[in-house]
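Using the working numbering, read the sequence shown as starting at 34 and increasing by one per residue. The block underneath contains the structure these notes are about, expressed in structure tokens.
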Amino acid sequence: MFIYKIENILKITRSIAFIFLFSNPVLCNRIFSMESLKNEDQCKTTSQYYRKVLQEAETEFDNAKSTSEKYSIVSTPVAEMNGEINIYFDFPIIRTITLAVCMGDVSKVEKFLSAIDDVNSEALDTWGYRQRYTLAHTALHPNYWVSANIDENDRLNIIHLLGRKNADFNLIRNIKTADYQFHPLYCGKHSGNYLGYDWVKKCAPIAVIYGADPSLARLNPLEASFESERYNEYYSWLFKSVLTTLSTLEDKSHVRLANNVKERLQCERDRINNATKDLF
């Protein structure tokens with residue numbers, strides 16, 4: 034009985050402390066600001082370390098005598114700041130090429146890709162959020178929170194680079210030990226993605242022009258089926274964005290659209306034409 038009373042007193046004390054904290058905006062903001070600064074400093078330190086790793090890898094790459102040597106460099110697992118190489122289910126968290134993708138280093142990604150014939154090779158897979166990631170997964174959902182500070186245009190340009198190298202944006206690995214087996218468009222959607230849902234909306238149209246089939250990815254937040262009425266608004270937006278992306282794309286030689294995407298695009302074109310024909 035005595036212990037029970039003490040536990041109640043502690044609960045009440047904690048409640049009062051939380052009320053005091055959140056009713057005091059100056060103190061509250063200071064605490065959260067300090068935590069934010071701590072995370073920002075950690076992010077800078079981590080980012081500096083990884084940029085140094087990439088710079089050293091690029092130097093090795095430039096000095097390599099053969100394509101096989103270069104491929105070995107870009108596919109090599111990368112150690113964390115503590116010197117350990119984290120392996121999950123026989124796959125590393127980072128490789129040199131995936132690190133370049135996560136860090137949004139466009140020039141290095143382009144250079145490293147020159148040594149890769151098959152960007153969909155299992156030899157380049159890493160362990161992402163509870164499942165194996167291909168390079169396509171990594172580009173759409175960088176698995177490192179330092180990616181939140183990377184220029185958005187650089188991230189989008191990397192998706193273009195992978196698309197031009199025939200990255201498969203519908204590829205998944207069927208692994209029984211994985212919690213998830215999501216397609217690249219969907220992975221990370223509910224995993225505390227540092228880039229947020231706005232990022233998913235921006236990268237999706239680019240992935241679609243390089244063959245991503247959104248009907249496989251269940252992008253809509255309501256988890257509705259492809260033909261659901263609740264999906265119509267999202268898909269209307271998506272295909273408008275795809276049309277806009279296609280209209281601004283200078284080099285269309287690498288564009289490859291899934292068959293059902295072609296059908297939906299034609300429907301969207303017809304809908305737009307019907308809606309605007311009386312305006313001219």
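No residue lacks a Cβ here, since even glycine has one placed at the ideal position from N, Cα and C. Note that this is a predicted model, so its numbers are computed, not measured.
| Nearest to Tyr121 by CA position, among Thr92, Gly161, Glu143, is which residue? | Closest by alpha carbon: Gly161.
Glu283 versus Gly116 - alpha carbon distance:
Roughly 43 Å separates the two Cα atoms.
query: Should Ile239 be labelled buried (16 or more other beta-carbon atoms within 10 Å of its own) or exposed?
result: Per the 10 Å Cβ criterion, buried.
**Where the alpha helix (DSSP H) containing Asp187 begins and where it ends** = From DSSP, the alpha helix (DSSP H) with Asp187 extends over 185 to 197.
_Helix, strand or coil for Thr159? Go by DSSP, reduced to three states._
Strand, per DSSP.
- prompt: If you drop the 5 nearest sequence neighbours on each side, which residues of the same chain put their C-beta closer than 6 Å to that of Arg289?
  reply: For Arg289, where only same-chain residues beyond five positions count, the Cβ hits under 6 Å are Gly244.
Notebook entry, point to check: For Glu113, is the classification buried or exposed, using 16 other Cβ atoms within 10 angstroms of its Cβ as the cut-off for buried?
Noted result: Exposed, by the Cβ-count rule.
Taking all protein chains shown into account, decide if Gln88 is buried (16 or more other Cβ within 10 angstroms of its Cβ) or exposed. It is exposed - the Cβ of Gln88 has fewer than 16 other Cβ atoms within 10 Å.
- prompt: Considering Phe145, what are the terminal residues of the alpha helix (DSSP H) in which it resides?
  reply: Taken as a continuous stretch (DSSP letters only), the alpha helix (DSSP H) holding Phe145 covers 139 to 146.
Environment of Lys295 [buried if 16+ CB atoms lie within 10 Å] = Exposed is the call here.
*asked:* Do Ala133 and Phe124 count as a contact pair if the criterion is CB distance below 9 Å?
replied: No, they are not a contact pair.
Which of helix, strand or coil DSSP assigns to Arg302
Arg302: helix per DSSP, three-state reduction.
- Run the CB neighbour count on Gln299, radius 10 Å, all protein chains shown included, and call it buried at 16 or more, exposed below. Under the 10 Å beta carbon count, Gln299 is surrounded by fewer than 16 other beta carbons and is classified as exposed.
**Asked** In whole angstroms, what separates the C-alpha of Leu312 from that of Asn199?
**Response** With a pLDDT of 44 at Leu312, under the threshold of 50, the modelled position of this residue cannot be trusted; read the value that follows with caution. C-alpha of Leu312 to C-alpha of Asn199: approximately 40 Å in a straight line.
message: By the DSSP assignment, the alpha helix (DSSP H) with His170 in it spans what residues?
response: Under the DSSP assignment, His170 falls in the alpha helix (DSSP H) whose first and last residues are 168 to 173.
*Is Ile126 buried or exposed, if buried means 16 or more other CB atoms sit within 10 Å of its CB?*
When all chains shown are included, Ile126 counts as buried.
How about Leu195 and Val152: do their beta carbons lie closer than 9 Å? Yes.
What is the DSSP secondary structure of Ile39, reduced to helix, strand or coil? Note that Ile39 scores 47 on pLDDT, short of 50, meaning its location in the model is unreliable; the coordinates nonetheless yield the value given after this. Assignment of Ile39 by DSSP, reduced to helix, strand and coil, places it in the helix class.
inquiry  = Please state the DSSP three-state secondary structure of Ile242.
reply    = Note: Ile242 maps to helix in three-state DSSP.
For Arg297, write down the residues that DSSP places opposite it in a beta bridge.
Secondary-structure assignment with DSSP links Arg297 through no beta bridge to anything.
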